[in-house]
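Notes to accompany the following structure.
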Amino acid sequence: MDGAKGVGMDVDQGTAFGTWTDPCSEYFYGQSFRDLVDVERFAGLDVLDVGGGNGLLKTLLPTANVTTVDTDASKCPDIVTDGGEHLPSATPDVVVLRYVLHYLDLPTAGRLLDHVATYSQRLLVIQFVSDWESMPTKRAVSAGTGDRAQHLFDW
Numbered sequence: 119m120d121g122a123k124g125v126g127m128d129v130d131q132g133t134a135f136g137t138w139t140d141p142c143s144e145y146f147y148g149q150s151f152r153d154l155v156d157v158e159r160f161a162g163l164d165v166l167d168v169g170g171g172n173g174l175l176k177t178l179l180p181t182a183n184v185t186t187v188d189t190d191a192s193k194c195p196d197i198v199t200d201g202g203e204h205l206p207s208a209t210p211d212v213v214v215l216r217y218v219l220h221y222l223d224l225p226t227a228g229r230l231l232d233h234v235a236t237y238s239q240r241l242l243v244i245q246f247v248s249d250w251e252s253m254p255t256k257r258a259v260s261a262g263t264g265d266r267a268q269h270l271f272d273w
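Mind the numbering: the sequence shown is residues 119 to 273 in my numbering, read in order.
Encoded structure:
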């Protein structure tokens, strides 16, 4: 499928993750953020992008000082560590969790949110929602045992 890069192959493609040019991916990883968020409000702010992988948020917030934290070194984040344990050296103006929570079970997600609250008073969460019927597929994908291509079409 030429227009749906990532479908039918390993979606976690290091620094290329989320940069596919098909209309669905462009909207999901780019335009939807611009539709939801007034990017000018982030000008000059220190933003901690927890679980931000390859730093795609930096392209969406070009006037902010974005630091990316992720466990996946292949995505070349600024800091390779678990966002649920990371303590920034300076208090960020805002923490962003963008498309992160679906990788976590509920207790882990709760611990992450509690941890972020220890060092930041401003948190922006952007998360897609799946219907209950697709959740078994999503759980399998997050555990690394499911068909990623199927999940892309579930939402």
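A virtual CB, placed ideally from N, CA and C, is assigned to each residue, including glycine.
Just so you know, these numbers come straight off a predicted model, no measurement behind them.
Query: Close-in-space but distant-in-sequence residues of the same chain around Ile244 (CB under 6 Å, 5 per side omitted); Result: Arg216
Query: Reduced DSSP category for Arg152 - H, G, I as helix; E, B as strand; rest coil; Result: helix
Query: Distance, Gly162 Cα to Asp196 Cα; Result: 18 Å
Query: Residues bridged to Arg216 [DSSP beta-bridge criterion]; Result: Ile244
Query: Of the residues Gly171, Asp164, Val234, Asp156, the one placed nearest Gln131, counting alpha carbons only; Result: Gly171
Query: Three-state secondary structure assigned by DSSP to Asp188; Result: strand
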